[in-house]
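S.K.:
There are 2 protein chains.
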Amino acid sequence: MRDAFHEELAHTSERLVEMTRLTGSAISRATTALLDADLALAESVIAADEQIDAIQRELDDTALDMLARQQPVATDLRIIVTGMRMSADLERMGDLARHVAKVARRRYPDSAVPPELRATVLQMGQVAERIVAKAGSVIAGNDVVAAVQLEQDDDEMDRLHREVFGALLGGSWDHGVEAAVDVTLVGRYYERFADHAVSVARRVVYLVTGEWHEAYAPEPARSATR
Amino acid sequence: MRDAFHEELAHTSERLVEMTRLTGSAISRATTALLDADLALAESVIAADEQIDAIQRELDDTALDMLARQQPVATDLRIIVTGMRMSADLERMGDLARHVAKVARRRYPDSAVPPELRATVLQMGQVAERIVAKAGSVIAGNDVVAAVQLEQDDDEMDRLHREVFGALLGGSWDHGVEAAVDVTLVGRYYERFADHAVSVARRVVYLVTGEWHEAYAPEPARSATR
Chain A
246 MRDAFHEELA HTSERLVEMT RLTGSAISRA TTALLDADLA LAESVIAADE
296 QIDAIQRELD DTALDMLARQ QPVATDLRII VTGMRMSADL ERMGDLARHV
346 AKVARRRYPD SAVPPELRAT VLQMGQVAER IVAKAGSVIA GNDVVAAVQL
396 EQDDDEMDRL HREVFGALLG GSWDHGVEAA VDVTLVGRYY ERFADHAVSV
446 ARRVVYLVTG EWHEAYAPEP ARSATR
Chain B
246 MRDAFHEELA HTSERLVEMT RLTGSAISRA TTALLDADLA LAESVIAADE
296 QIDAIQRELD DTALDMLARQ QPVATDLRII VTGMRMSADL ERMGDLARHV
346 AKVARRRYPD SAVPPELRAT VLQMGQVAER IVAKAGSVIA GNDVVAAVQL
396 EQDDDEMDRL HREVFGALLG GSWDHGVEAA VDVTLVGRYY ERFADHAVSV
446 ARRVVYLVTG EWHEAYAPEP ARSATR
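Chains as they are written, first to last, in my numbering: chain A, 246 to 471; chain B, 246 to 471.
What follows is the structure, encoded as structure tokens:
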């Protein structure tokens, strides 16, 4: 049987996984809202972000409470502090999904994404959904192998981000400056979303292995050319 | 006389202030590099970011060590956890200054900023420098009044950010898509820089007052229209 403290740690882990589900749903729906110019869906993503923020606040309170009452050391201490950082990453990912939804809302009834970039943005949304789902698996199972696989999704996101810049800067952009601004920002939001998912996974790896190699620095060293 | 624990807390505070100085210098030099297309200066900002990252790692180690050895509760616990969050904000501000410098490097020997936006970007750099200097004063003095004043700098940054979008979207942009992309990203970097400085200040306010009003949520509710 687990004691109350380890029950609380397990609960925190479950809530973090719940946050990955909510941010995954948010980025998925934000992508659809963006591509389909679906205002109601965009509004629902924007409104739902409060739920993610609330879980972070709850987890912060729990973490501070555990630190104060349990006086943990060594591994338990690292788990609690790392949990606080992961919830901050996930909260920020919720914000980024909301930012994508806000671009959709701003451009309604048009879509902010020109036809030749629809496939790329759709893939960015899918990669974002996949990477945060894997981050959830990593949290749930402390799965270091999945954490490494997730880095490949991040590489894929960087490739798609470069595709966006290729379309913008290839010399044949004829959608005007407003669309260029929107696409630039949206590309950045997806890239940052993936970066934070990578951070979440790397924090778990650090917890499990105790090693924080340069390759596992919180900010991915690789990134798109912009 | 202070005991060893409070010496360590004071040392952390000094190191956080040092981080504000370094990030302030970084954003100032990055702005000059951007406006003057100064490659050597851009490279120096990019290289110097490692120093900021190193201080964050050192502060994280110190914080974990204090949590494990001192088993703090109540205010001391909150100070340590808040310090970790502030150093994360400041580390990110260093990244954002580096991003600005990278735009300067990418566009060298040209400047990424068209003539009619030079004054705006110069001001964004100045506001960024000012806001992080105030964040440093807030940390050094636990000065809640300065924390409130700093919000006005953030309002000014939002106004400048809207000016950037005004120039981009006003219908008279004739600098092409590449410049539009660069200016969009640079505007976002300055805005995020200021947001993190606001977070730093709000965290101090939270520590001092114990109140975390909606108005002091980590992410500023106000923001530019994009």
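No residue lacks a Cβ here, since even glycine has one placed at the ideal position from N, Cα and C. As the structure is a prediction and not an experimental result, all values here were calculated from the model.
Can you pull the chain A residues whose beta carbon is under 9 Å from the beta carbon of B:Arg433, in chain order?
M.R.: Those are Thr429, Leu430, Arg433, listed as they occur along chain A.
S.K.: Using only alpha-carbon positions, find the residue among B:Val389, B:Arg314, B:Tyr435, B:Asp306 that is nearest to B:Arg407.
M.R.: B:Tyr435
S.K.: Determine the burial state of A:Glu361: buried for a count of at least 16 other Cβ atoms within 10 Å of its Cβ, exposed for fewer.
M.R.: exposed
S.K.: Between B:Asp388, B:Asp306, B:Gln296, which lies nearest to B:Arg448 when the distance is taken from Cα to Cα?
M.R.: B:Asp388
S.K.: Is it true that the CB of A:Met264 sits closer than 8 Å to the CB of A:Leu335?
M.R.: A contact, by the Cβ cut-off of 8 Å.
S.K.: For the candidate residues B:Arg350, B:Thr327, B:Val383, whose alpha-carbon lies nearest to that of B:Asp281?
M.R.: B:Arg350
S.K.: Report the option in B:Thr277, B:Asp440, B:Ser270 whose CA atom is closest to the CA atom of B:Tyr353.
M.R.: Among B:Thr277, B:Asp440, B:Ser270, the Cα nearest to that of B:Tyr353 belongs to B:Thr277.
S.K.: Measuring only between beta-carbons, confirm whether B:Gln316 sits less than 8 Å from chain A.
M.R.: yes
S.K.: Under 7 Å between beta-carbons, which chain B residues line up against A:Glu423? List them in chain order, please.
M.R.: Leu414
S.K.: Give me the chain B residues within the contact set of A:Ala373, using Cβ-Cβ distance strictly less than 7 Å, ordered along the chain.
M.R.: Near A:Ala373 there are no residues of chain B at all, since even the closest Cβ is about 18 Å away, more than 7 Å.
S.K.: Of all the residues that make up the region 318 to 342 of chain B, which are near chain A by a beta-carbon distance shorter than 8 Å?
M.R.: Residues passing the 8 Å Cβ filter: Val318, Ala319, Leu322, Arg323, Val326, Met329, Arg330, Ala333, Asp340.
S.K.: Would you decide whether A:Thr470 is buried or exposed? Buried here means 16 or more other CB atoms lie within 10 Å of its CB.
M.R.: Note that A:Thr470 scores a pLDDT of 47, beneath 50, so its modelled location is shaky; the value from the coordinates is reported in the next line. The residue in question, A:Thr470, is exposed, as its Cβ has fewer than 16 Cβ neighbours within 10 Å.
S.K.: Cα-Cα, which of A:Gln316, A:Arg260, A:Glu288, A:Ala275 is closest to A:Ala299?
M.R.: A:Arg260
S.K.: Between B:Glu253, B:Leu395, B:Gly415, which has its C-alpha nearest B:Arg314's C-alpha?
M.R.: The residue with the shortest Cα to Cα distance from B:Arg314 is B:Glu253.
S.K.: Inspect the beta-carbon positions of A:Ile297 and A:Gly370 and report whether they are closer than 8 Å.
M.R.: no
S.K.: For the putative contact between A:Gly208 and A:Glu374, defined by C-beta atoms under 8 Å, what is the C-beta separation to the nearest angstrom?
M.R.: Residue 208 of chain A cannot be examined here, being either before or after the span of chain A that is shown, 246 to 471.
S.K.: What span of residues does the alpha helix (DSSP H) with A:Asp427 cover, start to end?
M.R.: 421 to 454
S.K.: Of all the CB atoms in chain B, is at least one closer than 8 Å to the CB of A:Leu309?
M.R.: yes
S.K.: State yes or no: is the beta carbon of A:Val426 nearer than 8 Å to at least one beta carbon in chain B?
M.R.: Taking Cβ atoms only, chain B reaches closer than 8 Å to A:Val426, which makes this a yes.
S.K.: Just the C-alpha distance for B:Leu286 and B:Ala346, rounded to the nearest angstrom, thanks.
M.R.: 8 Å
S.K.: If the criterion is Cβ atoms closer than 8 Å, does the pair A:Ile384 and A:Ala442 meet it?
M.R.: No, the pair does not count as a contact, with Cβ atoms beyond the cut-off.
S.K.: Compare the Cα-Cα distances from B:Ala249 to each of B:Asp305, B:Val290, B:Asp310 and report the closest residue.
M.R.: B:Asp310
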